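Below you'll find the structure, written out as structure tokens, and then a few comments.
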Amino acid sequence: MTYGEPVRTTARPRSPASTSSATTDRAVLGAAHGAVPGGVTVFDDEIPAVTNLDPDLLRALRRAATDAAADGVVFFVNGGWRSPQYQERLLHEAVAKYGSREGAARWVATPDTSAHVSGDAVDVGHAAAKAWLSAHGARYGLCQIYRNEPWHYELRPEAVDHGCPPMYPDPTHDPRMRR
Ligand SMILES: [Zn+2]
Numbered sequence: 000m001t002y003g004e005p006v007r008t009t010a011r012p013r014s015p016a017s018t019s020s021a022t023t024d025r026a027v028l029g030a031a032h033g034a035v036p037g038g039v040t041v042f043d044d045e046i047p048a049v050t051n052l053d054p055d056l057l058r059a060l061r062r063a064a065t066d067a068a069a070d071g072v073v074f075f076v077n078g079g080w081r082s083p084q085y086q087e088r089l090l091h092e093a094v095a096k097y098g099s100r101e102g103a104a105r106w107v108a109t110p111d112t113s114a115h116v117s118g119d120a121v122d123v124g125h126a127a128a129k130a131w132l133s134a135h136g137a138r139y140g141l142c143q144i145y146r147n148e149p150w151h152y153e154l155r156p157e158a159v160d161h162g163c164p165p166m167y168p169d170p171t172h173d174p175r176m177r178r
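Residues in the sequence shown are numbered from 0 upward in steps of one, following numbering that gives the first Met the number 0.
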């Protein structure tokens, strides 16, 4: 993963509320930092958000997605690996949106604690993929971790034999977030 390279993808404005400076930052922190263009699936071989995921997590995702395809379900990736800078940017935006760092912490981790920055988490879409993983993910070691984030999955290899561990209500209950 390299950080200084020119970024090829252009940012898409996310909402009418985003300021011009935020749009500029988003353009700088593009795909090379983990931004995900629309329509990316777990089989993508070029987008760093996917290719920089932990290899075991990516393997499990692709095995599950291959089986899900038989049910007509596609695993889209809305978020995967992120650079620390990009995670910081998302946190910044969440603080603006939720009004405080405490409010933002229920949804967005810091660069130091985020499982996205370490490549150990993926945010899947659309609804059909979330439903499929909710029903069958444990068989592949793929577990929802937070009750408030039905799209966020991480690898828990022991889930294959024992099922997924109980979910945290939200990330503020996760001991990993209290470093
Ligand atoms: Zn996530």
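A virtual CB, placed ideally from N, CA and C, is assigned to each residue, including glycine. Remember, it's a predicted structure, so these values are computed and weren't measured experimentally.
Rounding to the nearest angstrom, what Cα-Cα distance links residue i and residue j in this structure?
i, j, result
"Asn51", "Gly29", "14 Å"
"Ala137", "Arg175", "21 Å"
"Arg100", "Ala34", "22 Å"
"Val107", "Gly124", "18 Å"
"Gly118", "Lys96", "25 Å"
"Val39", "Ile46", "8 Å"
"Arg255", "Glu92", "Limits of the chain in this structure are 0 at one end and 178 at the other, which puts residue 255 out of reach."
"Arg25", "Asp66", "Annotation note: pLDDT 49 at Arg25 (below 50); position unreliable, coordinate value reported separately. The straight-line gap from Cα to Cα measures roughly 35 Å."
"Ala48", "Val121", "9 Å"
"His135", "Asp44", "24 Å"
"Pro168", "Ala69", "32 Å"
"Gly162", "Gly102", "31 Å"
"Thr109", "Cys142", "21 Å"
"Gly78", "Pro170", "16 Å"
"Val94", "Asp160", "39 Å"
"Thr112", "His151", "15 Å"
"Leu90", "Ala64", "29 Å"
Can residue i and residue j be called in contact, C-beta distance under 8 Å?
i, j, result
"Ala114", "Gly140", "no"
"Phe74", "Leu56", "no"
"Asn147", "Arg88", "no"
"Val245", "Ala127", "Look at the range of the chain in this structure, 0 to 178, and you will see that residue 245 is not part of it."
Of all the options the options, which has the alpha carbon lying nearest to the alpha carbon of residue i?
i, options, result
"His32", "Thr40, Pro83, Ala126", "Pro83"
"Asp53", "Val72, Arg81, His91", "Arg81"
"Arg58", "Ala68, Glu87, Phe42, Ala69", "Phe42"
"Lys129", "Glu153, Asp44, Gly98, Gln86", "Glu153"
"Ile144", "Asp160, Pro165, Trp131", "Pro165"
"Pro149", "Leu132, Gly79, Ala63", "Leu132"
Under three-state DSSP, which class holds residue i?
i, result
"Glu153", "strand"
"Ala120", "strand"
"Thr50", "helix"
"Val41", "coil"
"Gly78", "strand"
"Leu141", "strand"
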